[in-house]
Structures are given as C-alpha cells and as structure tokens.
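Worksheet: one structure, shown below.
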Amino acid sequence: MKFMRRFFARLTNSATQRARDERISEEIENHIAMQTDENLRAGLPPIEARRQAILKFGGREAIKEDYRSERGLLFFDNLARDLRFALRMLRKSPGFTAVAVITLAMAIGANAVVFGVLNALILHPLHVPQAESLYGIQHGNEASSYQSYPDYLDLRERNRSFDDIAAYDAAQVGLDAGEDPSRVWIFLASGNYFDVLRLQPFLGRFFHASDEHGPNSAPYIVLSYSYWHTHFQDDRGVVGRVVQVNKYPYTILGVAPPGFNGTLVFFNPGFFVPLVDQEQVEGVNDLSSRGKRFIFMTLGHLKPGVTKAQAIADLNSIGSYLEKTYPKDDDQRTFTLARPSLYGDYLGKPARAFMTGLMLLSALILLAACANLGSLFGARAADRSREVALRLALGASRARILRQLFTEALLLSLMGGALGLWGGFVLMGGLSAWRPFSRWPAQLPVHPDANVYVVALLLTLASGFLFGAFPVRQVLRTNPYEIIKASSRGIVGGRITIRDLAIVVQIAICALLVTSSIVAVRGLLRALHSDLGFEPRNVILADTDLSMGGYSGERALQMQKRMIDAVAAIPGVESVGFIDWAPLVSGGNVDSLVFTDATADLRRSNAAAESYLFGVSPDYFQAAHTVFLSGRTFTWQDDENAPRVAVINQEFARRVFGSAANALGAYFKMPDGTRLAVVGIVENGKYASLTEDPSPAMFLPFLQSPSTQTYLAVRSDRDPAQLAAAIRGTMRSLDAGLPVYMGPWNKELETALFGSRMAAITLGVMGVIGAMLSITGIFGMAAYSVSKRLRELGIRMALGAQRKEVLQAALGRALKLLGIGSAAGLLLGILASRVLSAIVYQATPRDPVVLAGVVVAMLLLGLVATWIPARRALAIDPAILMRED
Amino acid sequence: MKQKTDVPQGTLALMVLKTLDVLGSLHGYGIARRIEQISGDLLAVNQGTLYPVLLKLEQEGVIASEWGASENNRRARFYRLTKEGRKQLQLETQDWEQTAAIIGRFFAAKAEDLS
C-alpha cells in the first residue's frame, strides 16, 4: 500500500520535474539562511557564519540528486536521458545508423511477412467461429478426403462424435446474370454447410438442410461476399433475383459474411449451390452411387469433450461397417482427422513443412543480422572504450553504462523494426491482391492481425537485446586505469572471439541460403526442360464445359466434333486435338483403377494400378506432339459401336503387362468389367504435377468415353493473340452462350510450376538478403581490423612488407572465416536439400553446377566485402601514419 | 571509511517522526536543530540528508507539509505528523523498545546465564 502510494507520487513527480526542483532549492536556501542567522547570533563574522552553515549542510548537489531520485522514478528520468544521448550518438554516425536500420528492417520485415503468411495460411486460415474444433475427415491410408454421397450420409448419420458433418465439392458453372455469360468456380455444398460452420449471412439468408428435397430440388445460390462485391457491385437488391446457372433458373438467397471464402484457403468460390443440385451443376447425378467419390471433402465440429482419438475410433467403426456392408465399393475404409483449410494433409503437410522451413530460415537471417550488428556494435563500443573508461573513472556504475548501450541498441532495433514492418505491410498488401493462377480463384488474403504485430515487436526487442549484448563482456572487463593510460589501440588477432564465431555462423547461413536457392533454381530450370510427354510450346488451349451450355450425351459429342472441325479450318492451324482434361492444367484429373484381364473379382485391393484417364480425339497425340513408341492412334471409327480400345503409356504397360512388348494388342479391365484392347503405347509424361514419379496413364477415344469437359489443343505458328481471337470468333459462331477460356498451354503450366517457382523466388530473395548481410558482416569486420591495425600495417610497410603480405595481414583472418563459413554452409545446404525435394523438382545438391555456383558466389561475396578495406590497407602511407601520434 | 554521519535512514526517519510528535509543526531547520540538540551532538548529521528523508516520509503519507512563516518571518516549509504518521510512530516506538529490550538483555547476560 505504502509502496504503491510512493510509487504513484513518484510517477507524477517525474512528470512535473522542473516545478518541484524549485522547492528543494528554496528549502535549502532557507535552511542555510536560518543556520547563518544562528551562527551570527553565536558571534561569528557574517562570511564565516555563512561558510559554516554551508559546511554543516553538506554537499548541496549530492543532496539535491538524492532528493530527486527519492522524488521521481530514477528509471524514467534516466531513460529519457539515455534516449537523448543515444539519439545524439546515432546522429553522429549516420553511416552506421543507416546500415544498422536497413539491415534490421530487411531481417525483421522478412520475418513479419513470413509470419504473416504462416499466420494466414496455417495458424488462422478460416474465418469461422470456433475454428479450433473444426476438422476435415481424411482417409487413413492417404492424404485425401473424397467421399461418395451415400458414404457421406452414413458418416453423418452414424457418427457420435461430430455436432454435424457438412460436405462440399468444387465445381465450375456458367453463370448468366443478364450480362456476358461467365464461368465461375463454386462450391456444391450440403444443405447444412453454413449451419455446420456456425455462420450468419451478411445479407438475406443461407440455404439449410430443410431446403433439400432430393436431386435438383433446391435452385438457390448464396454469393460469397467478395464475388458479390466485385460482380454485383455491392447491390443489396440482389437477394431474391433469379439468375441462370448452366441455363437453369436459380434464386439468389443471400450473401455470405465478409472474410469467409469457403473452407479451402487456396480456393475462393464465387458462390455456393446446394449439393443436391449436382446434376444441374456438373451434368451427372452421383447422389446415389456409392462408388462415385465426387465429394471433395467432409468436415464438422467435434462435439465438446470428444477427443480427436475418440472421433477417429468412432469414424473407423463406421468405416468397418461400410466395408462389410458394401464390399464392392468400400474397402479399406479408415479415417483420420486433419485441418480442412489446406485439404487436410494433402497440401497441409508440404505447406506446413515449407512455411516452417521458411520461418526457420528467416529467423536465421534475423540471427545473422543480429550477429552482424552485434559485431559492428562491439567494434563501436571498442572505439568508445576511452569514453567508457572515462565514465567509469568518474564514478558511473557499469550497469548504468550497459543500460546506455542497450538503450542505443533498442532504439536502433525499434527504428529498424518499424521500417521493416512498414515494408512488410506493403508486401503483404501485394500478396493479398495477387492471384497466382489465372484459371483458379486462388487468393491468399494476408491481412496482418494482432499476432503479426506482437511477433514483430517481440522479434524487434529480442534482436535489440541480442546485438546489444555483444559489448557487455567488453564493458564489464574494462579497466579504466589501463585504458586511459594506454592509447586506444586495441589488440586484434590471436584468440578466436565470439565476434569471429558470429561471422562464421553468418557466412554459413548465407552459404546455406545460396546453396538452397541455386538448388531450387536448378530444379526449376530442369522442370521447365524436363520431358513432359507433350510439347506445350505453340499450343493454345481453348476450353469450355458443354454442360454449362446445356449440352449432354449425343448432343455434346456432336458439338465437340463440330468444334474440332471448325477450329481446324482456321487458317494457320496445324492440328487440333481434343482432350477432356489437359495434362498439367489445373482443375482436376480423372483417374481410375485398372485390372489385369485375368482378374475376376474387381475389388479395389485387386487392382493392378491406378491410372490417369483421358478421353482424346484421334488427332490429339499429333497436336500435343506425344510420341508413339509402338502401335497406332485411334480413328474416327473407334466409336461407341466399335470394340473398346485404349492407348496407354509406358509406365502403364510396365505395371499392368510387365513390359511394352507384352502390352500391344493385349486386354485390361476397367472397374465396371469393360475389356479394353491396347492399340498403342506412348511415352511417359507428366500429368498432374511436375514432381510426380512416372505414373500410368491411359487415353481412350472420346467417342467411347464421352465427357462434356472440352479442351481443344490448337497447334499453330500464328501469333497467339490473333489465333485466340480467331478461335473465340469460331466458338461464338457455334454457340454464343458458351463461356470459353483460352490461353497458351505454356502459361497453363504455371500452376504446375507454382511450388518450385515460389520456392526458387523466396529462397532467391532470402539468399540475396543473406548475401547482403554477410557482405556487411565481413566488411564490418575487415574494415574494423584494418583501422585497428593501421599503425601496425604502416610499420610493416615501412619495414618493406610487400602488398601481398600486407593484405595477408589485414584480411587473412576475414578470408579464413569466409572459407570456414562457406564450407559449413555448403554442407548444411546439402542436408537441407532433402527438405526441398518435396517441393522442387529433383532437388539435388550433388550437382557440379550447384557446387561451383556456391563457390563462385561466396568468392564474389568475399571480394565485394573486402574490396574497400583492402584498398584502404594498400593505400597506407607509412610516412603520414607514423607522424600521427 | 565509516563516517560519523552514517545514520541509518530508518533511524533518522523515526527521530523525525518523534520530533514532530513532540513539537508539532516544524520546519526542516528546526527538525535538524532539535535532533542535534537531543542527540547531544553525538550525531553530527549532514543536515542536508534530512530533506530526502522528509520527502520520502511525505510521499508515504505519514507527514504533510505546507509553506508558512518562520519565527523571523522567513518563508519556510512546515512539516507536521498526519494521523497515519501518529499510528506509525506508535508502532515503531513499540518495535524499537522491544528490540532495545531484547538487545539489552543479551548484553546484560553473563556466560553462566547462557549455559
């Protein structure tokens, strides 16, 4: 109590310092006057009376100081004084200040951005209430979560662990809201979707489970906030409006809350349609087939008190029930739970690994920056050793001097942190607005929240203390008498100091970053030039989904044929191939189990392979430049009346038939028992991702395997823009209401390359930052060592030392550290590449180009960093130097 | 280098409180004179050290101060005991007497008493 009262009295006093100073001065004056009076009365002469009074009072200034420290909080008073002093010191050396602030800004900014992305992507990805108990149901044996609708219903009805379970699938529809028809990515969501997520509409209402009454019974859509904002211009009157979805009338029920962009971080649907309308949206009705696992994901909140393990056990018991009851469709049904936002572990795992790695790297960069500044700071403190010694000799406590140094360090780190955070903001703003895939509604809103601020502040303070701590030992060891007696020439060389270690660590980190970024760039280049199994250059992909124009069955097939013929007639077009899903184009791939011809029991576990499945026209292989190893392509006679045939790739032949030689003319079976004859074998290719291992693929004649999904691969030497315009015109003349998307196949590969490209860019950026840090670090050290040893070097030169020897003496140590650090970093980089190989195509450091690249980069870096100090060492004029002191 | 002036702060504070208790409102110089007189010049206090102590006591709320006029019409700051101060003085007096009594007994004790 009393302590508190005193504390607050002091706090207010600190604020009103000057006014209160007068009181004590007046009291002291009075006191001395009274004592003087007393002394006069005792008979002393006036001057002596006053002198005695003053003597008796004691040291006036000391007492005032005591009084002040009693009155105010010394801490705050000193802080203000330290800050003023620190500012003065920093202003006096603008070069040092600028280097320190920029270095810190880069390091802290990088950390803020990486953490911001980590925060948005992994820590707080979905803007739904109670996200911590929301789980996606994932398969136990693989990182995916697709389900069939009947299985979903079973899981929903039979589980005892979830409040409720929602399901959704991503789909693309044609939307006609009165203007140009456009293609929109949407979620087909179960009726309870919004209720399971515990969301409230921003406008109007959501659809609910009670709206579902069988297939195509709920012609309602709910717009996402951002789609409403961009495509309906925030028009509050949209609620109740009827729009055309794939030519069917749908009513807009409402708008979802802002910030909610569906339950996948990387996929922002434009609107939501009830799952029961699947037939109108996707052109097929799979609601009652247990074998069609078209639902992308199921998810729900765990009931309070139910643990993850309990829920998994519960789901697995339903799984074994399904296995027993539906042995044909459902075998091996085990489950696990994962965060839904990154499609469970499928993307979640690599994304987490990558972001963790990135966070680690940026933390290392910050550490390097701190080490770097620490050594600069230590060097400065050493330069100031005379000042420190003087202050110690005048009675300052060591704690007081250290506090002053820390104030300076923290001031620097706060300035750097503020600048870095500002830069980070700009970058995060750019990231939020960035749409990496032209075809996909993927956007990552990285809006920094309180977490980001707190982390940035903590990192700033931590780094301030860290590099501020470098000179501590130095100050504690300072012996004022020795330093003032001796000249300021410190002793350099000899023992290994913490500073040396710091520089080695920093160079090692830099070399690690350089190694990783070269590995990543090499991987990227290799991926760009790897054998894709087709040649995307000079091919334009025009794609549409005929179901959006209301086509199906025979009509769709006729339309596709007409499209092929019409586009082939455009002047300058070499060849046109049809394929239902173009390889390496985002959107999805179809795959199917295949069985050997001898297999009778067509259950999942008896399958010979799981193969990508493409429906193609006879000319596709020619248009795509896919090479035949043996056999032939299809003909237009391979239609529904002809025997079923297939073209397979090498990998398919190897897995199912043992070899390509056995495969030609042989048969294999599809899950529905259809026998297909192999008529041709093509080279292996990449189908879903560039980093995939060789995978089996089969191509079926599209006349025997119809699909409304339509990609036309148009090969031509004509200017892509002109050609695209011509194709668009042709398509419009066939059906003006059909939304068509067009782009060079090359550009479509961007999506597939996204992971490696991002890795290469981020590692490259970090590598550059790391290199800059190392340069300042080595530069600082070399420059310091040269300036400390100017005298010694001068003497050596005066005694006839050659340039080489002078350089050796001045920079030998810095270069040795550079060598040690680079070697260590290279070694670490080789180890780290194992992590990289998850993202980057064939990441391997065992590559002479990588090794040579790292060595050259580090040599260059050393050259740049030591250039100026070396020049300075060589420019020493012993005569001038020796004349000084 | 033990100096005569080293009066433990707590002791000086107690002396101040007692002085104000006996004499009522008094200025700094008066308090210093009084302590000097009573201690019979045994405590050659650096008179100035009194002021930080006075401030501390005031901030603790056991004494209060205001400007007033001294005997020979000088402006001076007068200190007086607050109600809380009186309580505090009582408590500390008891404590002090108790401590003194115990210490006294220890000094009075002979070797045979302790065995």
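Protein sequence lines, in the order shown, are assigned to chains A and B. Under the numbering used here, think of the first position of the first sequence as 4, with each following residue one higher. Under the numbering used here, think of the first position of the second sequence as 11, with each following residue one higher. All C-beta atoms in this analysis are idealised placements derived from N, C-alpha and C, irrespective of residue type, glycine included.
Less than 9 Å between the C-beta atoms of residue i and residue j, yes or no?
{"i": "Met-734 of chain A", "j": "Lys-250 of chain A", "result": "no"}
{"i": "Asp-167 of chain A", "j": "His-304 of chain A", "result": "yes"}
{"i": "Ala-259 of chain A", "j": "Ala-514 of chain A", "result": "no"}
{"i": "His-34 of chain A", "j": "Gly-34 of chain B", "result": "no"}
{"i": "Val-120 of chain A", "j": "Val-449 of chain A", "result": "yes"}
{"i": "Pro-272 of chain A", "j": "Phe-380 of chain A", "result": "no"}
{"i": "Met-784 of chain A", "j": "Met-109 of chain A", "result": "no"}
{"i": "Ala-895 of chain A", "j": "Gly-780 of chain A", "result": "This structure does not reach residue 895 of chain A, given that chain A is present from 4 up to 888, and the question cannot be answered."}
{"i": "Ala-882 of chain A", "j": "Ala-813 of chain A", "result": "no"}
{"i": "Leu-544 of chain A", "j": "Ala-585 of chain A", "result": "yes"}
{"i": "Gly-177 of chain A", "j": "Pro-184 of chain A", "result": "yes"}
{"i": "Asp-534 of chain A", "j": "Asn-687 of chain A", "result": "yes"}
Is residue i close to chain A? Criterion is C-beta to C-beta, closer than 9 Å.
{"i": "Asp-105 of chain B", "result": "no"}
{"i": "Thr-128 of chain B", "result": "Since the displayed chain B opens at 11 and closes at 125, residue 128 of chain B lies outside it and no answer follows."}
{"i": "Arg-96 of chain B", "result": "no"}
{"i": "Ala-110 of chain B", "result": "no"}
{"i": "Asn-83 of chain B", "result": "no"}
{"i": "Thr-92 of chain B", "result": "no"}
{"i": "Gly-38 of chain B", "result": "yes"}
{"i": "Ala-86 of chain B", "result": "yes"}
{"i": "Ala-42 of chain B", "result": "yes"}
{"i": "Thr-126 of chain B", "result": "Here chain B covers residues 11 to 125 and nothing more, so residue 126 of chain B does not appear."}
{"i": "Gly-58 of chain B", "result": "yes"}
{"i": "Leu-99 of chain B", "result": "no"}
{"i": "Ser-35 of chain B", "result": "no"}
Under a Cβ-count criterion, where at least 16 other Cβ atoms within 10 Å of its own Cβ denotes burial, should residue i be classed as buried or exposed?
{"i": "Gly-497 of chain A", "result": "The predicted model places Gly-497 of chain A with a pLDDT of 48, which falls under 50 and marks its position as unreliable; any figure quoted below should be read in that light. Exposed, by the Cβ-count rule."}
{"i": "Tyr-155 of chain A", "result": "buried"}
{"i": "His-532 of chain A", "result": "exposed"}
{"i": "Ile-50 of chain A", "result": "exposed"}
{"i": "Tyr-253 of chain A", "result": "buried"}
{"i": "His-142 of chain A", "result": "buried"}
{"i": "Thr-109 of chain B", "result": "exposed"}
{"i": "Ile-494 of chain A", "result": "Summary for Ile-494 of chain A: the model assigns pLDDT 47, below 50, so the residue's position carries little reliability, and this model does not support an answer."}
{"i": "Arg-85 of chain B", "result": "exposed"}
{"i": "Glu-557 of chain A", "result": "exposed"}
List the whole-angstrom C-beta distance separating residue i from residue j, where the pair is believed to meet the contact cut-off of C-beta under 8 Å.
{"i": "Phe-705 of chain A", "j": "Val-619 of chain A", "result": "6 Å"}
{"i": "Gln-563 of chain A", "j": "Thr-713 of chain A", "result": "6 Å"}
{"i": "Gln-335 of chain A", "j": "Arg-607 of chain A", "result": "7 Å"}
{"i": "Leu-290 of chain A", "j": "Val-279 of chain A", "result": "7 Å"}
{"i": "Gly-257 of chain A", "j": "Phe-209 of chain A", "result": "6 Å"}
{"i": "Ala-666 of chain A", "j": "Ala-656 of chain A", "result": "4 Å"}
{"i": "Leu-596 of chain A", "j": "Pro-674 of chain A", "result": "5 Å"}
{"i": "Gly-38 of chain B", "j": "Glu-30 of chain A", "result": "6 Å"}
{"i": "Ala-700 of chain A", "j": "Tyr-615 of chain A", "result": "4 Å"}
{"i": "Arg-525 of chain A", "j": "Val-241 of chain A", "result": "Wrong, their Cβ atoms sit about 51 Å apart, outside the cutoff."}
{"i": "Arg-342 of chain A", "j": "Ser-151 of chain A", "result": "Actually they do not touch by this definition, with Cβ atoms about 23 Å apart."}
{"i": "Leu-408 of chain A", "j": "Ala-384 of chain A", "result": "7 Å"}
{"i": "Ala-523 of chain A", "j": "Ser-759 of chain A", "result": "7 Å"}
{"i": "Leu-830 of chain A", "j": "Val-809 of chain A", "result": "That pair is no contact at about 33 Å."}
Should residue i be flagged as near chain B, meaning a C-beta pair shorter than 9 Å?
{"i": "Gln-133 of chain A", "result": "no"}
{"i": "Phe-79 of chain A", "result": "no"}
{"i": "Asp-24 of chain A", "result": "no"}
{"i": "Gly-493 of chain A", "result": "Confidence at Gly-493 of chain A is low in this model, with a pLDDT of 47, below 50, so the placement of that residue should be treated as unreliable; the coordinate-derived value is given next. Chain B contact via Cβ: absent."}
{"i": "Ile-510 of chain A", "result": "no"}
{"i": "Arg-63 of chain A", "result": "yes"}
{"i": "Glu-51 of chain A", "result": "no"}
Are there any heavy atoms of the ligand ADP lying less than 8 Å away from the beta-carbon of residue i, as far as the coordinates show?
{"i": "Trp-748 of chain A", "result": "Ligands are entirely absent from the displayed structure, and the ligand ADP is therefore not among its contents."}
Legend entry - In chain order, each beta strand (DSSP E) run of at least 3 residues that lies wholly inside the segment 532-562 of chain A: 542-548
Legend entry - Whole runs of the alpha helix (DSSP H) within the segment 109-173 of chain A, excluding any shorter than 4 residues: 152-161
Legend entry - 3-residue-minimum beta strand (DSSP E) runs that sit fully inside the segment 167-223 of chain A, ordered along the chain: 169-179, 185-192
Legend entry - Every unbroken beta strand (DSSP E) within the segment 213-285 of chain A, with a cutoff of 3 residues, ordered by chain: 223-226, 245-248, 251-258, 274-277
Legend entry - Contained beta strand (DSSP E) runs [length at least 3] in the segment 581-608 of chain A, N- to C-terminal order: 594-599
Legend entry - Contiguous alpha helix (DSSP H) assignments of at least 4 residues, all confined to the segment 734-812 of chain A: 748-791, 793-801
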